[in-house]
Amino acid sequence: MVKPKPLFMLFFLVLVVLAILKYLRTRKFLPVATPTDSTMCLDSFDANGLYKSVFHMSMVQFMVPKTLSHWVENKSGFEIGAPSVSTWGHLGLYDAAAKVDATNFAAQTLWESGIKEGGPFLWKNRTLGKHFIRDAVDLHGIPDESYDFVCGTDILEHVANPFKALLEWLRIMKPNGLLIVIVPYQNVTFDHKRNVAKIEHLIDDYQKKVTEKDLTHLDEILRLHDLGRDAAAGGFDAFKARSEKNFEIRGLHQHVYDQRLLYYIYRCLNVEVKSQYIWDYHQLIIGQKR
Numbered sequence: 001m002v003k004p005k006p007l008f009m010l011f012f013l014v015l016v017v018l019a020i021l022k023y024l025r026t027r028k029f030l031p032v033a034t035p036t037d038s039t040m041c042l043d044s045f046d047a048n049g050l051y052k053s054v055f056h057m058s059m060v061q062f063m064v065p066k067t068l069s070h071w072v073e074n075k076s077g078f079e080i081g082a083p084s085v086s087t088w089g090h091l092g093l094y095d096a097a098a099k100v101d102a103t104n105f106a107a108q109t110l111w112e113s114g115i116k117e118g119g120p121f122l123w124k125n126r127t128l129g130k131h132f133i134r135d136a137v138d139l140h141g142i143p144d145e146s147y148d149f150v151c152g153t154d155i156l157e158h159v160a161n162p163f164k165a166l167l168e169w170l171r172i173m174k175p176n177g178l179l180i181v182i183v184p185y186q187n188v189t190f191d192h193k194r195n196v197a198k199i200e201h202l203i204d205d206y207q208k209k210v211t212e213k214d215l216t217h218l219d220e221i222l223r224l225h226d227l228g229r230d231a232a233a234g235g236f237d238a239f240k241a242r243s244e245k246n247f248e249i250r251g252l253h254q255h256v257y258d259q260r261l262l263y264y265i266y267r268c269l270n271v272e273v274k275s276q277y278i279w280d281y282h283q284l285i286i287g288q289k290r
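Each residue of the sequence shown is one higher than the one before, counting from 1 in the UniProt record's numbering.
Written out as structure tokens, the structure is:
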């Protein structure tokens, strides 16, 4: 016969075990804490908190999106570095959007010329929006929360202070707006010898207020840039001379990205990742501003 005291202790231990199991089960399915605004992660970076949300490659679709029209149909957008016929044009973004204004950092770039402030942004003989001449990190004169989405193809890798740029893009985006970004797929481009940037480094650039004149990565780029995959750059001497004038030209890939880094950048900025794709030499990520 079990004495009363041991019986009570056994009952007490069972209750404790059940309470612990209930706590662990509940904790497992709690939503992962996210930054409460776009700058919290940047002001007080917490790696443990950020990486509680685990990225895995099964989240990425290795295919060309059939279309992006359903994301932007009848919505107003702003494109950084327009036009991008082979991406946004091919994927139906220009056809579906009600309006797309656009910006380039100068009237003449390596890729475009003849851009005029306030000039029409034309697509298939239709005035889709107007052109601005603004740097990706400084969209001055464009009001807060003006657009339903912001998009940029092969722009972010050219930016020395990407978090500063992305905060500007989020600033002009309405609540629940979409951030749609394409960067090169490192494995098949001239960046394939370089390492993917660490988010801690990008945050450090933001905190140090790095400007677009920064050439911190120039030696690495000159050493590892595969000129065999970049015929337009010419030989080494021509590429070096162009790179040293990067603030005027903006040809350097300041940082290298992969889908994991993009995922955590979005999470750091309190942007909910909706879709990720890789195809050909493109990486696409779509997220929603909270």
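C-beta atoms are modelled at their ideal positions from N, C-alpha and C, and glycine is treated no differently.
For residue i, three-class secondary structure by DSSP
| i | result |
| --- | --- |
| S113 | coil |
| V181 | strand |
| L91 | coil |
| A102 | strand |
| Y281 | coil |
| I155 | coil |
| residue 331 | Lying before the first or after the last residue shown, residue 331 is absent from the chain, which here runs from 1 to 290. |
Assigned exposure category for residue i - 16 Cβ within 10 Å defines buried
| i | result |
| --- | --- |
| P120 | exposed |
| G177 | buried |
| E200 | exposed |
| N187 | exposed |
| D144 | exposed |
| G77 | buried |
| A197 | buried |
Beta-carbon separation (whole angstroms), residue i vs residue j, contact threshold 8 Å
| i | j | result |
| --- | --- | --- |
| L179 | G287 | 5 Å |
| N161 | V210 | 5 Å |
| I80 | T103 | 6 Å |
| K130 | G118 | 6 Å |
| V150 | M173 | 5 Å |
| A233 | F239 | 4 Å |
Residue i, enclosing alpha helix (DSSP H) - first and last residue
| i | result |
| --- | --- |
| P65 | It is not in any alpha helix (DSSP H) - P65 carries neither H nor E in the DSSP assignment. |
| E248 | N246 to I249 |
| F163 | P162 to R171 |
| L215 | Counting along the chain, L215 falls outside any alpha helix (DSSP H), and DSSP gives it neither H nor E. |
Closer than 7 Å: residue i CB and nearest the ligand MN heavy atom
| i | result |
| --- | --- |
| F62 | For the structure depicted, the ligand MN is absent and the ligand set is empty, with no information on it obtainable. |
Residue range of the beta strand (DSSP E) that includes residue i
| i | result |
| --- | --- |
| R267 | Unbroken run through R267 is the alpha helix (DSSP H), Q259 to C268; no beta strand (DSSP E). |
| L42 | First-last for L42: M40 to D43, but that is the alpha helix (DSSP H), not the beta strand (DSSP E). |
| L50 | Looking at the DSSP string, L50 is not in any beta strand (DSSP E); the run it does join, the alpha helix (DSSP H), is A47 to L50. |
**Message:** Would you call the segment 257-264 in contact with the segment 52-71, where contact means no fewer than 3 C-beta pairs closer than 8 Å?
**Reply:** yes
**Prompt:** Is the segment 126-145 in contact with the segment 162-169, if contact means three or more CB pairs nearer than 8 Å?
**Reply:** yes
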